[in-house]
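One structure is given below, encoded as structure tokens.
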């Protein structure tokens, strides 16, 4: 159906179309304007990036970082730009390049807490287009610098570990789009440069450390060619060979320093065969021709044409070889000492049969009897034999001192005489009556006198007179001696030898120190140790050309030898009771039984610990307990004294046990109470020694 349209309606429709066209035209104009703006921004961003790339492409390191922040700030029209590295375990940033107000500013370090950078490190790009100072009021730098806008991007190393930040700041609101594009692109470049810079710094630091190490280490390091040309050497090496400079050392070939050129050839063959050698011992010589041993470790480094370079480490092992030789001597001495101790142990058991039976026999004879006199001579001979076993025990260096109060005069004379018997050196003695007694281990103290007198005899080359004196002395704190004060017996040994240089005086008691080729260097060290264990001390004075004086101070007991002199027949008062004797040697059991009979005691015998424990248990059960037990410390193949007394204490906590031995490396003889014993007696012993020990234990006194 056709409709009739009026002119008014047509006009109205035309106007509507016109309005719609105008509206679409405006929308198109706005879209075009926006597109134009975006294109301009992109062009500007491209210009910024191009500008920065041009300004930084040809530089590295610090110069690159400075160029980066300068161009970044200039192109984006920022007042500030910086690149910084993380320090203080990531808690702070230290700037590597800082651009501020048209010039470079001094680098600074600031903490990350409460700053916009805290939200950037290790995270993502962070932008505050305006008002950043108000958002971070605790960041005083933002306020001081008048910063309005901020953009920061994190920097990472190749392992995605945070290493720093790249930041732009301005006192006006920021064009975010352009800044984002610029920083995002250059964050990667800056990260690479910082990683490279860090690696370079680490390399320099490593090289510096290595250089310092090679320059200062007391071991020779070298690089040599196969033909012996010295390519590189550290100071330690050319000094070892007596050269004054590396240049002087390098004028030689390395084989020039070998005593035997064949050793160099063997070394080259070994390196070629195995690729390296380790601790190869060689004999070499210094520039002045003195020979010495060395240890060589080397690694082959192949070069072109089948040649190789050798990276070597060299040590002068003179002292090591000396130490090894001394240790070998010490091991030999230890082996001989163990043998000597074993011989002394067995011999003491035999000697106990002689000395013990002689003193037993003397108790059945009047002192004026001819047989009594003959037995006294036998006793003296046995005493000399006892002194010899004491020397063997002393040589074995076994155990802590087993001390008893005894006179010192005879020991000093006998020990000195033993050393000088076959020597051309003689001795003079000044030993007055009335000397105080000393609490000592006679065997060990005899060794001290032996060593000091031997040292004097060797210093005098077997000629002249050694002056030996003994005296009582009261030490006071004012005397300047290493003792608080008290009564001492002082033994002085004076020689007229060449003396000891002052520079060596403080070393003479060091183990293995000696100035003589055939000496072990142990004598004075052992003497010092023994005297110290006796709570005494040694003083030495010497001057070159005037001889030496050794003075041994031993704590004294204010009793004199004369006041406690005994006759060979002295026996303690009668005792009573049944005593168990455990010893694997029949002769020891027989002698001990006779001595117990003299004391009025009944003896029961056991060959080892198992038998002793069974006998003790049985006697206790039958109501006739042993008054005391005497236990040999060592039973070959059986239970010895220590285990036996432990078992007896389990049976009877009140057991009274005496430990007896002719030899022991353990401290049991000197510290017997610690192991449950009530007394101690060393073999070989007289009736008087035996009765003193037994009666002391029976009366409840710990004896030593």
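Numbering (my numbering), first residue to last: 478 to 1181.
Using N, Cα and C, we set each Cβ at its ideal position, and we do this for glycine too.
Keep in mind it's a predicted model, so treat the numbers as computed, not measured.
State the start and end residues of the unbroken alpha helix (DSSP H) segment that holds residue i.
i: residue 1121; result: 1118-1128
i: residue 891; result: 886-897
i: residue 948; result: Not the alpha helix (DSSP H): residue 948 falls in the beta strand (DSSP E), residues 942-952.
i: residue 426; result: With the chain represented from 478 up to 1181, any question about residue 426 goes unanswered, as that position is not in the structure.
i: residue 1070; result: 1063-1076
i: residue 712; result: 712-717
i: residue 622; result: 617-622
Does DSSP put residue i in a helix, a strand or coil?
i: residue 961; result: coil
i: residue 763; result: coil
i: residue 707; result: strand
i: residue 1049; result: Low per-residue confidence applies at residue 1049: pLDDT is 44, beneath 50, and the placement is therefore not dependable, though the value from the model is reported in the following sentence. If DSSP states are grouped into helix, strand and coil, residue 1049 belongs with coil.
i: residue 1138; result: strand
i: residue 1173; result: helix
i: residue 572; result: strand
i: residue 736; result: coil
i: residue 519; result: Residue confidence for residue 519 is low, a pLDDT of 47 falling below 50, so the modelled location carries little weight and cannot support an answer.
i: residue 832; result: helix
i: residue 539; result: helix
i: residue 698; result: strand
i: residue 756; result: strand
i: residue 602; result: coil
i: residue 997; result: At residue 997, the pLDDT of 48 sits below 50, so the modelled position is not reliable and the matter cannot be decided from this model.
i: residue 1162; result: coil
i: residue 672; result: helix
i: residue 1097; result: helix
i: residue 641; result: strand
i: residue 610; result: helix
i: residue 856; result: helix
i: residue 493; result: helix
i: residue 1030; result: strand
i: residue 748; result: helix
i: residue 1154; result: coil
i: residue 593; result: helix
i: residue 1189; result: With the chain represented from 478 up to 1181, any question about residue 1189 goes unanswered, as that position is not in the structure.
i: residue 742; result: helix
i: residue 561; result: strand
Please classify residue i as buried or exposed, where buried requires at least 16 neighbouring CB atoms within 10 angstroms.
i: residue 663; result: buried
i: residue 933; result: buried
i: residue 1162; result: buried
i: residue 1011; result: buried
i: residue 582; result: exposed
i: residue 841; result: exposed
i: residue 578; result: exposed
i: residue 1138; result: buried
i: residue 1062; result: buried
i: residue 754; result: buried
i: residue 892; result: buried
i: residue 953; result: exposed
i: residue 694; result: exposed
i: residue 837; result: buried
Please list the terminal residues of the continuous beta strand (DSSP E) segment that includes residue i.
i: residue 908; result: First-last for residue 908: undefined, no H or E at that position.
i: residue 928; result: No beta strand (DSSP E) contains residue 928, which is instead part of the alpha helix (DSSP H) from 919-936.
i: residue 1084; result: Premise fails: residue 1084 is in no beta strand (DSSP E) and is neither H nor E.
i: residue 631; result: 626-633
i: residue 774; result: 768-779
Under the assumption that residue i contacts residue j (Cβ atoms under 8 Å), give the Cβ distance between them as a whole number of angstroms.
i: residue 541; j: residue 670; result: 5 Å
i: residue 928; j: residue 1018; result: That pair is no contact at about 18 Å.
i: residue 1103; j: residue 1174; result: Residue 1103 to residue 1174, Cβ: 11 Å. No contact.
i: residue 959; j: residue 1014; result: 5 Å
i: residue 786; j: residue 700; result: 6 Å
i: residue 947; j: residue 886; result: 6 Å
i: residue 1153; j: residue 1135; result: Wrong, their Cβ atoms sit about 11 Å apart, outside the cutoff.
i: residue 905; j: residue 942; result: 5 Å
i: residue 805; j: residue 788; result: With a Cβ gap of about 33 Å, residue 805 and residue 788 do not count as contacting.
Counting only beta-carbon atoms, is residue i nearer than 7 Å to chain B?
i: residue 800; result: The structure shown contains no chain B, having only a single protein chain.
Checklist entry - Would you call the stretch 759-767 and the stretch 779-786 in contact, with 3 or more CB pairs under 8 Å? => result no
Checklist entry - Taking one C-beta from the stretch 1095-1105 and one from the stretch 847-857 each time, how about it: are there three or more such pairs within less than 8 Å? => result no
Next on the checklist: With three or more beta-carbon pairs closer than 8 Å as the criterion, would you say the stretch 907-917 touches the stretch 976-983?
Outcome noted: no
Next on the checklist: Using a Cβ distance threshold of 8 Å, determine whether the stretch 582-596 contacts the stretch 562-570, with at least three qualifying pairs required.
Outcome noted: yes
Next on the checklist: Between the stretch 951-970 and the stretch 1026-1037, can you find at least three pairs of beta-carbon atoms closer than 8 Å?
Outcome noted: yes
Item to check | Cβ contact (3+ pairs, closer than 8 Å) linking the stretch 616-623 and the stretch 597-606 | outcome: no
Checklist entry - Are the stretch 546-557 and the stretch 647-661 in contact at 8 Å, needing three or more beta carbon pairs? => result yes
Checklist entry - Touching or not, the stretch 1153-1162 and the stretch 825-834, by the rule of three or more beta carbon pairs under 8 Å? => result yes
Next on the checklist: With a threshold of 8 Å, are at least 3 pairs of Cβ atoms found where one atom belongs to the stretch 1164-1171 and the other to the stretch 1073-1086?
Outcome noted: yes
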